[in-house]
Each structure stands twice: as C-alpha cells, then as structure tokens.
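See structure below.
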Amino acid sequence: MIGPFEVLIGFIILLGMMMAGVHVAVAIFSVSAIGTLVYLGLPLLYSFGDTLWGTLNNFLLTAIPLFILLGELLLRSGITDRMYNSLSVWLSRMPGGLLHTNVGASTVFAAMSGSSVATAATIGTVALPALSDRGYNERLALGTLAAGATLGILIPPSINMIIYGAITNTSISKLFIAGILPGLVLAGCFMLAIMAFSLLRPGVAGDPEPRVPLGQRLRSLADLLPPAFIFAIVIGSIYSGWATPTEAAALGVVAALVLAAIYRKLTIRMLHESFLSMARTTAMIMLIIAAAFFMNYIVGILGIPSTLTNWVAGLGLTPLGLILALVVFYLVLGCFLETLSMMIATVPIVVPMVVTFGYDPVWFGIFLVIMMEISLITPPIGMNLYVVQGVRGKGSITDVMLGSLPFLAIMLLFVLLIIIWPGLVMWLPDAMG
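Laid out in structure tokens, this is it:
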C-alpha cells in the first residue's frame, strides 16, 4: 500500500502530461505503467493485454459506438432541422423567443444523441442563422447554445453515464433514469433565466416573433414525432425490461435508418460519412477506456482508494464537507482538462472514497455528470465554447464565454440543490426499484 503523498505525485504527473498535450490514453497508461513497475514489478504490467481484450470485448461498451452512430444519422437525416423549426413555433412567443427554442431543441436532441458536443454542433448550426437575422443579443444567444448543449450528457441516453457505469460497476439503467428529472429541471431553470433576462432587458430577445396560427402549430407537431419515437424506443425498451442499453442503442440506430429512408436522406454517401465519424470517435474513446480500466486495476491492487479514504477521514471531513471539496476540485480541474479525461482520471480514485462516506454511486454519478457539464462551459478549456464558436465562424470566443457565465452560475446553484435535496436525483430510480 502506498501513501497519500505518492498518490498526489502520480496525479500531478498525470495532469501535467495531459496539459502538455499528451494523448489522454497514453498519459493514463504511462502513469499506471510507472506505478506498476515501481511498486508491483514487470510481470503485472503484462496483464495490460488481458485488460485491453476484456475492455474491447465488453458487450456493455458496444453501446458507445451505437449511440454515436445514432447521433450522426439523426444529424444527417434532417430530423434535427425539422425538430428545431417545430419547437420554435411553440416556444418563440415566450419572453426570450428563439432563445427558449435553443434550450428546448438541445433538450430533445440530448434525449437522442448522448453527446454534448454533438448537441452543440447540431443545434448551433441550425439556430445561429435565425438568431443573427432577428437581432438577438449575440452573447446571450451563444450562451444558450453552449449551456443548453451540456444537457447532452445528463438526459439519457448518455455516453458519459455508460462509461461511468462500466468503470464503477453501477447500473446504467438506474443512471439513465436518474438523469431524466435533473435534466428536465435544469432545462427549466435555463428557460426561467432566459425569461428573466428578457423581461429585465427586453432588447436582448431581438424582434418579436410573428404569431403563428394554431392550425400551423398543430401541424408542426408532426416533426416532433421522430425524436419522440427514437426516445420511446431507446428508453422504453430499457425500462420495460425488453432490451439492455446496448440492444436499445441498436434499436435506436435501426429506427434512425428507417426515418432517414422515409425522409429520402438514406444514401451511400450519408452512411459513409456517418460510419466514418462514428469510427473515429469510438476509436478515441475506447482507447481511453482501455487505459482507464488498467489504471483502475492497478489502483485497486495498490490499495489507493482505502489509503485516500483513511487520509480524508483523518482530516475530519464530514460527508457534506467531502462533496463540497469535490465541487471545488472539479471546478478547478475543469479549467484545465476536457470532460472525458477528467472523469476517467478521477473516477477510480474518488468513487470508492465517496461510497465509503455513505453516498449512493448512482447519485454521485449524476453529481459527477453535472460537474462535467459545468466543465464544458468553463473557460479556458470548455469544449462547448469552442464548438459553438467554430459553428459561429466569426468574432471572438470571449463572446461565447461571457454569454455562458450566467448559465454557469445556474448550474452551480443546481449542484447545491441536488446536494441539499438528493431526492431530486434518486426519486425516479427508487420508485422504479
């Protein structure tokens, strides 16, 4: 067993390598290999081959490329464009106009894609031209896109939840159901904030949107049926007990292919682009996960979780004190690392410690995902900030950062809410047994 000081040195080396631009998987494996050679010897290092095979042969993780492919198919089939236009008809008359549509469309797309970056890119591409033409406050509009897209990893299905569940051996079905209510409440908080900004400063909402006849609004609901169909198939099949998350992802892909064919978007070129993008993203994620599983294995053998738990207990921290310390820890870390790196580097060490302090791993998974959401819009590394700026293609990223700050504050308050009232997260999983 090694001491807290050695653990800290290893963690600093890991963060240093990541911030120096070393690939996340290489950094994680390197630190794990060094720890293995120094404390356990060369023979144990050979077990990485078994870990690599066991990880890549994991049926549960097959859901990751399937959900990525689902998002790619939805993006290229035009379903997202229709969904945005339909929501704008219903939400644009609220104080804040199309800013509400940004959040609403991000919420709906999150329930299909599982990726915040994909949500930011897709909704941003659809929304920015309309917002620019109607004179909306640019910073606030950019902020709603960046913040709304963070819901992509909170509202199920969520790739981050799948990875967390695989590493910690936590039920992915329970994580998915636990993310629904917090995701919807957080989206509602964003929309309330937009309404407040618009009432206090009417100029930020641009020109009033024209009133749409009721008949046209009712007809537009047809464009919300495909997203509802995908969500019902994926989430419904899981909670009916009919399919595992992996099988549900496959059903979602099949449904997306059918919808693409109905909309006459199913071409060889579209499929080639979708599969190519899926393969690139999956290769990156799976390599990181394989390295993370090896680190998790070595961390367990070295007894690092119990070492840190005893050390934290010796500090006299209460369970609440530990969680508040982790809020600060992840806030600082989010300024330097992207979400997947941050989650995979810390989960093997942090989760055993918080479980020992009495926290439910499902609740902590949602807490962690929300902290990951915050890091997506935290300067200077926040990935969603750069994605929205890339879609925008002009001006300075400072505008996106400043526009996101009010929503960053809302998300921090929301973290405090689930700490004070954990039932907001656990009510649905407990109710469903």
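So in the working numbering, the last one in the sequence shown is 894, and the numbering has no gaps at all. The beta carbon of each residue, even a glycine, is placed where N, CA and C say it ideally should be.
About 6 angstroms separates the CB atoms of Leu-718 and Leu-727; that is less than 8 angstroms, so the two are in contact. The shortest CA-to-CA distance from Asp-891 to any of Glu-834, Asp-821 and Thr-817 is the one to Asp-821. With a minimum length of 4 residues, the unbroken runs of alpha helix (DSSP H) contained wholly in the region 732–794 fall at 765–775 and 780–794. In terms of Cβ geometry, Leu-601 and Phe-658 form a close pair [threshold 8 angstroms]. In this model, Leu-679 and Leu-606 are separated by some 26 angstroms (Cα to Cα). By the neighbour-count definition (other C-beta atoms within 10 Å, threshold 16), Gly-826 is a buried residue. Gly-851 sits in a helix when the DSSP states are folded into three classes.
For Trp-703, there is no enclosing alpha helix (DSSP H), as DSSP marks it with neither H nor E. Around the CB of Val-569, 16 or more other CB atoms lie within 10 Å, so the residue is classed as buried. In this structure, DSSP gives Gly-613 a helical state, which the three-state scheme calls helix.
Cβ contact annotation for Gly-557 (same chain, cutoff 6 angstroms, sequence separation greater than five): Ile-655, Met-656, Ser-659 and Ala-666, in chain order. The alpha carbon of Gln-850 has as its nearest neighbour, out of Ile-525, Ala-721, Ile-699 and Ala-582, the alpha carbon of Ala-582. Taking a cut-off of 8 angstroms on C-beta distances, the region 831–847 touches the region 777–793, as three or more cross pairs fall below it. Straight-line measurement puts the Cα of Phe-818 at about 32 angstroms from the Cα of Leu-506. For Met-833, the three-state secondary structure derived from DSSP is helix.
In the displayed model, Thr-497 falls within a helix according to three-state DSSP. Contact annotation, Tyr-545 with Ala-566: C-beta distance approximately 5 angstroms; criterion of less than 8 angstroms satisfied. In this structure Phe-875 touches Cys-650 by the C-beta definition: roughly 6 angstroms separates them, less than 8 angstroms.
Assigned with DSSP and collapsed to three states, Gly-843 falls in coil, not helix or strand. Non-local beta-carbon contacts of Lys-635 in its own chain, meaning distances under 6 angstroms to residues more than five positions away in sequence, involve Val-823 and Pro-890 in chain order. Counting of Cβ neighbours within 10 angstroms places His-733 among the exposed residues, the total staying below 16. Counting every other CB atom within 10 Å of its CB across the protein chains shown gives Leu-737 a total below 16, marking it as exposed. A residue is called buried once 16 or more other Cβ atoms fall within 10 Å of its Cβ, and Val-715, having fewer, is exposed. No Cβ-Cβ contact shorter than 8 angstroms links Ala-608 with Ile-584. With a 10 Å radius around the Cβ and a threshold of 16 neighbouring Cβ atoms, Asn-563 comes out buried.
Residue environment analysis places Arg-853 among the buried positions, since at least 16 neighbouring C-beta atoms fall within 10 angstroms of its C-beta. Per DSSP, reduced to three states, the secondary structure at Ala-657 is helical.
In the pairwise beta carbon analysis, the region 755–775 is classified as not touching the region 528–539: fewer than three pairs are separated by under 8 angstroms. The beta carbon of Ile-879 lies closer than 6 angstroms to those of Leu-885 and Val-886 in the same chain, with the five residues before and after it left out. With fewer than 16 other Cβ atoms inside 10 Å of its own Cβ, Phe-520 counts as exposed.
Per DSSP, Val-673 lies in no alpha helix (DSSP H) and is assigned neither H nor E. Cα atoms of Gly-782 and Met-832: separation of roughly 16 angstroms, rounded to the nearest angstrom. As the crow flies, the alpha-carbon of Gly-775 is around 21 angstroms from that of Val-760.
In this chain, Arg-725 is not harboured by any alpha helix (DSSP H), its DSSP state being neither H nor E. Where His-561 is concerned, the enclosing alpha helix (DSSP H) starts and stops at 559–574. Leu-863 and Gly-604 have their C-alpha atoms some 7 angstroms from each other.
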